[in-house]
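Colleague: Take this structure, written in structure tokens, and hold onto it; I'll ask about it next.
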Amino acid sequence: MPERYPILLSVVVPLRNVAGRARALVEPLVAELAAQVEDFEVVIVDNGSTDGSVRDYADLVQEGGLPNLQIYRLIRAVDLEIAVWAGVENALGDYVLVLDPLNEDLSFLPRALEKIAEGADLVTVRNTTPKPMSGTERMLDRLFHGVFRRLVGVDLEVEGASCRLISKRVVSFLLEQPKPGLRYRALPALAGFPKAAIDYEGPRRPQPRTSLRSKARRGLNLLFSQTTLPLRIASALAITGATLNLIYSGYVILIRLFKSDVMPGWTTLSLQQSGMFFLLSLVVFILVEYVAQVLSWTLEGPSYYLAGEHTSAVLTRRTRLNVEAGPRRPAVRQGAG
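Numbering (the UniProt record's numbering), first residue to last: 1 to 337.
Spelled out as structure tokens, the structure:
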């Protein structure tokens, strides 16, 4: 039997509406973890199930159930990353593995643990088996990934895998953020932490279809929570509109001054419209800039966070210190009177 890794590994498993299947999904994970690491816990996050899954969870933790389980049930369904963060935040392990049992299995775990042993704080795991989706969904998926890569600078195909193995150091960093659930979404884009990525081919279980509207909402939330560039584009359009209206006002005045056959009332009406649109565009520009600043402050977090620290084995100031202890003086006790 191969030697097990001497770590406490927490595995966060987000589930929703798995009544009748919960044990079949979790039991193989427990068996595999027991063979790979010395200690582990499985943190199940029920994402607002409505099919009576609570009875399955109660059976899992009772006498004769599965060991080392911790189950949290959310009162309502939230985005996947928020549900995952609820589990990561309450995990106790030295390392935390996020795993969707409907899309992943643990065949990659030995390779991921090797990366951790080599010093990586963040290991992204990508299942190369294609997800079942229609041609339209696949085209829109590629379009969104391309836009996200250009605007944010993160390739979601490579770095956006939902299966991640992270160290406690990364979790501590996320806890310092004002909105850790939002920061967790684009975690692989952060520099400073040693990172690694592995690919593997694993099975994908049948799962409920997600509506295109829900996917679009999740994609927009992910995009707008990671960059202020869309706001900057709106700001640029607003100031461009204000500038063009100001130029048009000058054009109207020149026409009135140098042409004699101007229709009565045209100058007044044109100046009124251009002036109104100029003021409106200017106000929109100012509001967008304020919103962009507020969003930047929201996503900013601490001024800095130390990803690691290294100190030289030889410090010259220590060699210069040569302090010898002097003879101790006897204590003098003073009595009253």
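The beta carbon of each residue, even a glycine, is placed where N, CA and C say it ideally should be. Treat the numbers as computed from the prediction; the structure is a model and nothing was measured.
Could you tell me the distance, in whole angstroms, from the CA atom of residue 38 to the CA atom of residue 31?
Modeller: Distance between the alpha carbons of residue 38 and residue 31 is about 12 Å.
Colleague: Among 212, 195 and 183, which one has its Cα closest to the Cα of residue 136?
Modeller: 212
Colleague: Which class does residue 46 belong to by DSSP, given the choice of helix, strand or coil?
Modeller: strand
Colleague: Quick one: using the 10 Å Cβ neighbour count with 16 as the cut-off for buried, is residue 90 buried or exposed?
Modeller: exposed
Colleague: State the CB to CB distance for the pair residue 98 and residue 163, rounded to an integer number of angstroms; the pair is presumed to be in contact (CB under 8 Å).
Modeller: 6 Å
Colleague: DSSP three-state label for residue 124, please.
Modeller: strand
Colleague: Is it right to say residue 16 is buried, meaning 16 or more other beta carbons lie within 10 angstroms of its own, or is it exposed?
Modeller: buried
Colleague: Only counting the same chain, and skipping five residues up and downstream in sequence, which positions put a Cβ closer than 7 Å to that of residue 86?
Modeller: Contacts found: 45, 72 and 74.
Colleague: Determine whether the beta carbon atoms of residue 80 and residue 47 lie at a separation below 9 Å.
Modeller: yes
Colleague: In the structure shown, what three-state DSSP assignment does residue 115 receive?
Modeller: In this structure, residue 115 counts as helix in the three-state DSSP scheme.
Colleague: Identify the continuous beta strand (DSSP E) that holds residue 203 and give its terminal residues.
Modeller: Here residue 203 belongs to no beta strand (DSSP E), and DSSP marks it neither H nor E.
Colleague: Is the closest heavy atom of the ligand COA to the C-beta of residue 16 under 8 Å?
Modeller: No copy of the ligand COA appears in this structure; indeed no ligand is present at all.
Colleague: How far does the beta strand (DSSP E) with residue 7 in it reach, from first residue to last?
Modeller: Membership of residue 7 in the beta strand (DSSP E) is indicated by the continuous run 5 to 15.
Colleague: As a quick exercise: from 104, 215, 113 and 216, pick the residue whose alpha carbon is nearest that of residue 161.
Modeller: 104
Colleague: Considering only the beta carbon of each residue, do residue 33 and residue 42 sit closer than 9 Å?
Modeller: A contact, by the Cβ cut-off of 9 Å.
Colleague: Is the beta carbon of residue 96 closer than 9 Å to that of residue 168?
Modeller: yes
Colleague: Taking C-beta to C-beta, are residue 140 and residue 149 nearer than 9 Å?
Modeller: Taking 9 Å as the Cβ cut-off, residue 140 and residue 149 do not qualify as a contacting pair.
Colleague: With which residues is residue 98 paired in a DSSP beta bridge?
Modeller: Residue 98 is bridged to 12 and 164.
Colleague: Terminal residues of the continuous alpha helix (DSSP H) containing residue 36?
Modeller: 22 to 36
Colleague: Going by DSSP, what residue range makes up the alpha helix (DSSP H) through residue 253?
Modeller: 229 to 258
Colleague: Just verifying my parser: in three-state terms, what is the DSSP assignment at residue 18?
Modeller: coil
Colleague: Pick from 165, 129 and 223: whose alpha carbon is nearest that of residue 143?
Modeller: 223
Colleague: Count Cβ pairs between the region 283 to 298 and the region 245 to 258 that sit closer than 8 Å; are there 3 or more?
Modeller: no
Colleague: Please report the distance separating the alpha-carbon of residue 152 from that of residue 171.
Modeller: 22 Å
Colleague: Residue 182 and residue 225 look like a contact to me (Cβ under 8 Å); what is the Cβ gap, rounded to whole Å?
Modeller: 5 Å
Colleague: Name the DSSP bridge partner or partners of residue 41?
Modeller: 10
Colleague: What residue range is occupied by the uninterrupted alpha helix (DSSP H) comprising residue 341?
Modeller: Because the chain here runs from 1 to 337, residue 341 falls outside it and cannot be looked at.
Colleague: Residue 12 and residue 25 - do their beta-carbons sit closer together than 9 Å?
Modeller: no
Colleague: Under 8 Å by Cβ, that's how I've got residue 124 and residue 197 pegged, so tell me the actual separation to the nearest angstrom.
Modeller: 5 Å
Colleague: From the DSSP output, which residues share a beta bridge with residue 215?
Modeller: Answer is none; residue 215 lacks a bridge partner.
Colleague: Hey, residue 22 and residue 56 are a contact pair by Cβ (cut 8 Å); roughly how many whole angstroms apart?
Modeller: With a Cβ gap of about 4 Å, residue 22 and residue 56 count as contacting.
Colleague: How would you call residue 195, buried or exposed, if buried means at least 16 neighbouring beta carbons within 10 angstroms?
Modeller: Residue 195 should be labelled buried.
Colleague: The beta strand (DSSP E) that contains residue 69, what's its start and end?
Modeller: 69 to 73
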